[in-house]
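Counting from 132, one number per residue, gives the positions in the sequence shown under the numbering used here.
All C-beta atoms, glycine included, are put in the ideal place defined by N, C-alpha and C.
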Amino acid sequence: MIRATAYVRKLVYVKTGRDLELTLNREDLHWAEFNWWKKVQNDSFGAEMRLLQQQKRLNASIRLYQLAVFLDNEGFIRVRGSPNMCGAWERLVRSVKLALQVTLKERVPREDVLLTLLVEAEAVVNSRPLTFVSVDANDPETLTPNHFLLGKK
Numbered sequence: 132m133i134r135a136t137a138y139v140r141k142l143v144y145v146k147t148g149r150d151l152e153l154t155l156n157r158e159d160l161h162w163a164e165f166n167w168w169k170k171v172q173n174d175s176f177g178a179e180m181r182l183l184q185q186q187k188r189l190n191a192s193i194r195l196y197q198l199a200v201f202l203d204n205e206g207f208i209r210v211r212g213s214p215n216m217c218g219a220w221e222r223l224v225r226s227v228k229l230a231l232q233v234t235l236k237e238r239v240p241r242e243d244v245l246l247t248l249l250v251e252a253e254a255v256v257n258s259r260p261l262t263f264v265s266v267d268a269n270d271p272e273t274l275t276p277n278h279f280l281l282g283k284k
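Structure follows, in structure tokens:
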């Protein structure tokens, strides 16, 4: 669908003389994807988008109310990055930042201090379990990212 949209636009541009090549590039595909996302959001959340464009608050009856949405610079609906709404990756980044803020006492630490703290934070993040953690001691060890990164059991 995206490629077809990009080709139609490209064909119009070639026919009107605004473009010389019919081959698609990254910008053409980006434009097509952008426009499809805009259409889908407009079709699904048109009233909400109009309220946000007028900088009015969404009332509690609107289905996007609890997500704390906003319109970005390109007019897309985005969800605010509140701590309870972010994904696992953002929580991991936040935990590393918090660990560094707590342990770093100086504004510009020495390189060896910073390297040590980053290695320790990496070890903590990569030791988190990826599979179910059993309470039975006879069960197999829980998989962690370190199993894959270090190649050890």
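Check your understanding: How would you write the range of the alpha helix (DSSP H) that arginine 209 sits in, first residue to last?
Key -> Arginine 209 -> not in any alpha helix (DSSP H); beta strand (DSSP E) instead, spanning 208 to 210.
Practice item. Examine the Cβ distances between the segment 223 to 232 and the segment 245 to 260 and report whether three or more of them are shorter than 8 angstroms. Key: The answer is yes - the segment 245 to 260 touches the segment 223 to 232, with three or more Cβ pairs under 8 angstroms.
Check your understanding: Do the CB positions of isoleucine 193 and glutamate 179 come within less than 8 angstroms of each other?
Key -> Going by C-beta atoms, isoleucine 193 is nearer than 8 angstroms to glutamate 179.
Point to revise | Inter-stretch contact (C-beta, 8 angstroms, three-pair minimum) for the segment 134 to 142 and the segment 153 to 165 | key: The count of Cβ pairs closer than 8 angstroms, one atom from the segment 134 to 142 and one from the segment 153 to 165, reaches three, so the stretches are in contact.
**Study point:** Sub-8 angstroms separation of leucine 223 and valine 256 beta-carbons
**Key:** By the CB criterion at 8 angstroms, leucine 223 and valine 256 fall inside the cutoff.
Review point. Taking the alpha-carbon positions, what's the tyrosine 144 to asparagine 156 distance?
Key: Rounded to the nearest angstrom, the two C-alpha atoms are 13 angstroms apart.
Practice item. Go ahead and label aspartate 270 buried or exposed: buried means 16 or more other beta carbons lie within 10 angstroms of its beta carbon, across all protein chains shown. Key: Within 10 angstroms of the beta-carbon of aspartate 270 lie fewer than 16 other beta-carbons, which makes it exposed.
Review point. If you compare alpha carbons, which of Asn190, Asp203 and Ser258 is closest to threonine 275?
Key: With distances taken between CA atoms, threonine 275 lies nearest to Ser258 out of Asn190, Asp203 and Ser258.
Review point. Since leucine 182 is in the alpha helix (DSSP H), which residue starts that stretch and which ends it?
Key: Looking at the DSSP string, the run of the alpha helix (DSSP H) that includes leucine 182 is 157 to 184.
**Study point:** Beta-bridge partners of phenylalanine 201, as assigned by DSSP
**Key:** Per DSSP, Arg209.
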